[in-house]
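> Handing you this structure, nothing more for now.
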Amino acid sequence: MGSYVTGLGALTPLGNSVAETWEGMVEGRSGITSITGFDPGDCPVTIGGEIRGFEPTDYMPRTEVRRTDPYARYAIAAAHQALEQAGVKPGVCPPERISVLAGSGYGTTKMDAEAVRLFDTRGARAIRPYMSTYGAVDVVTGYLSVEIGAMGESFAVSAACASGTIVIGEAHRMIERGDADIVVAIGAEDSMSGKDLALTAATRALTSKYNDDPAAASRPFDRARDGFVLSAGAGAVVLESESSVRRRGVAPLAEIIGYGGASDAHHVTAPHPEGLGARFAMRRALAAAGVPGDAIDYVNAHGTSTQLNDRTETLAIRAELGDRALRIPVSSTKSTTGHMIGAAGAVELIACVKALETGLVPPTINCDDPEFPEMNHVAHTAQEHALTTVMSNSFGFGGHNAVLVVKKC
207 MGSYVTGLGA LTPLGNSVAE TWEGMVEGRS GITSITGFDP GDCPVTIGGE IRGFEPTDYM
267 PRTEVRRTDP YARYAIAAAH QALEQAGVKP GVCPPERISV LAGSGYGTTK MDAEAVRLFD
327 TRGARAIRPY MSTYGAVDVV TGYLSVEIGA MGESFAVSAA CASGTIVIGE AHRMIERGDA
387 DIVVAIGAED SMSGKDLALT AATRALTSKY NDDPAAASRP FDRARDGFVL SAGAGAVVLE
447 SESSVRRRGV APLAEIIGYG GASDAHHVTA PHPEGLGARF AMRRALAAAG VPGDAIDYVN
507 AHGTSTQLND RTETLAIRAE LGDRALRIPV SSTKSTTGHM IGAAGAVELI ACVKALETGL
567 VPPTINCDDP EFPEMNHVAH TAQEHALTTV MSNSFGFGGH NAVLVVKKC
């Protein structure tokens, strides 16, 4: 028994909706620019993927906007888009059968920084009462649960770059177990702050040689890649049980048929050199879906544009899909969006749903000199393919690996 996708929502460096984001991906347009939201100072990285032109009061009262961190605003906005498309509102389902899950790698970074600033400069009495609850990663699930009357399970996950995929996978499992009929699953990140940029740059995982050419910076699978580009964003999906879809008479957009997770148990930042954690996650996702590797028509790769990830992920895909990996498209939409950390997996699942819907595979831009020429990385230009079943990979610092298998309805 699978779970059905009935609503999508997104804010990304490509645009503040699913339509704008998908259009940017398919057109091969880069959302990476020189950072304007803050001064990077002496950080060796001065580029990123920012959210532009976003008006949070379109989704939240002004009083709530003032209280919330940008991470929460992005998440709530994406969730509203998905809920609207799905037609989910209070009363459509018994409240105890509706759940809300959220994932983020960094969480409420700006509010955390503001609380520290207030304490250091003015003392404990300067801390505002709402900062405790609104400064937690799970503020998103609490806020949305109240809004839509969701009385099922709600919680937040933090697993670095795999967070968005993990919350969707857990939402899928809840529906499979019969614990929920409707689950809103959100991955969100506000990584565009001086602190987060500097912290991530200190790991030497970010590209630093394309500051003068931001659009060329994210180049998964290209020989000249030298790190990923940090971005902000949010992706949200509404998942439903088959009985809920039938009862409400809604047309599902796609079906999630398998989810698998695994850990590298190797290194805090470097992937397993043989891609074992990624392989185990892919294998488990295929087993849960009940399909062989030969059934996969497209892989939306984690494809971060780091030397290590792209190499080990390619090894893992080749190992688990065999010769099929040489006959299908394997592209990375991070080439256009940059790496949205906790939002990445959710937005990339949305890309998979749109690919199934349109028959278009989004390109890997900047893949000028592929390290793995035997693979079809859909370099530069979108391709038309007959797609029935696709895979989305997410791997994160800490050795987190999460994979979804999605089927056309």
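Taking my numbering, the leading residue of the sequence shown gets 207, the next gets one more, and so forth. Built from N, CA and C at the ideal position, the CB exists for glycine as well.
Does the beta-carbon distance from ALA552 to ILE257 come in below 9 Å?
Within the sequence shown, the letter at position 346 stands for residue 552. Within the sequence shown, the letter at position 51 stands for residue 257. Their beta carbons are not under 9 Å apart, which means ALA552 does not touch ILE257 by this criterion.
> Take TYR277 as the anchor and find which of GLY311, GLY259, LEU289 and CYS249 has the nearest alpha-carbon.
Start at 1 with the first residue of the sequence shown, and residue 277 comes out as number 71. Answer by Cα proximity: GLY311.
> Could you give the DSSP three-state label for THR413: helix, strand or coil?
Taking the sequence shown and counting its residues from 1, one reaches residue 413 at position 207. It is coil, neither helix nor strand.
> Please classify ARG410: is it buried, with 16 or more other beta-carbons within 10 angstroms of its beta-carbon, or exposed?
The count along the sequence shown starts at 1 and reaches residue 410 at position 204. With fewer than 16 other Cβ atoms within 10 Å, it is exposed.
> So, for ALA153: in the same chain, excluding its five sequence neighbours on each side, which residues have a beta-carbon less than 8 Å away from its beta-carbon?
For residue 153 there is no data in the structure shown, the boundaries of the chain being 207 and 615.
> Can you tell which of GLY370, ALA491 and THR274 has its C-alpha closest to the C-alpha of GLY341?
By one-based count along the sequence shown, residue 341 stands at place 135. GLY341 has its Cα closest to that of THR274, out of GLY370, ALA491 and THR274.
> Do you know how far the Cα of THR518 is from the Cα of PRO479?
Residue numbering aside, residue 479 sits at position 273 when the sequence shown is read from its first letter. Residue numbering aside, residue 518 sits at position 312 when the sequence shown is read from its first letter. When only Cα atoms are considered, PRO479 and THR518 end up about 6 Å apart.
> Compare the Cα-Cα distances from LEU566 to each of GLY400, ALA592 and PRO498 and report the closest residue.
Your numbering for residue 566 matches position 360 in the sequence shown. Residue ALA592 is the option with its Cα nearest to LEU566.
> Could you tell me if GLU261 is buried or exposed, where buried requires 16 or more neighbouring beta carbons within 10 angstroms of its beta carbon?
As a first step, residue 261 is located in the sequence shown; it is residue number 55 there, counting from the start. Result: exposed.
> Between TYR336, ALA332, ASP387 and ARG334, which has its C-alpha nearest ALA356's C-alpha?
The residue you call residue 356 lines up with position 150 of the sequence shown. Comparing Cα positions, the closest option is ASP387.
> Beta-carbon separation of ILE282 and VAL373 under 9 Å?
Here residue 282 corresponds to residue number 76 of the sequence shown, with the count starting at 1. Here residue 373 corresponds to residue number 167 of the sequence shown, with the count starting at 1. Inclusion of ILE282 and VAL373 in the CB contact set at 9 Å is not warranted, their separation being larger than that value.
> Between the C-alpha atoms of LEU350 and SER360, what's the straight-line distance to the nearest angstrom?
By one-based count along the sequence shown, residue 350 stands at place 144. By one-based count along the sequence shown, residue 360 stands at place 154. CA-to-CA, the gap between LEU350 and SER360 works out to about 10 Å.
> Consult DSSP for PRO576 and reduce its assignment to one of helix, strand or coil.
Position 370 of the sequence shown, counting from 1, holds the residue named residue 576. The answer is strand: DSSP assigns PRO576 an E or B state.
> By a C-beta neighbour count over all protein chains shown, 10 Å radius and 16 as the cutoff for buried, is THR269 buried or exposed?
Your numbering for residue 269 matches position 63 in the sequence shown. Exposed, because fewer than 16 other Cβ atoms sit within 10 Å of the Cβ of THR269.
> Helix, strand or coil: which one does DSSP assign to SER360?
On the sequence shown, position 154 is the one that residue 360 refers to. It is a strand residue.
> Taking only runs that begin and end inside the region 400-474, name each unbroken alpha helix (DSSP H) of 4 or more residues, in chain order.
400-408 and 448-454
> How many angstroms separate the CA atom of SER469 from the CA atom of ALA332?
The residue you call residue 469 lines up with position 263 of the sequence shown. The residue you call residue 332 lines up with position 126 of the sequence shown. Taking the straight line joining both Cα atoms gives about 42 Å.
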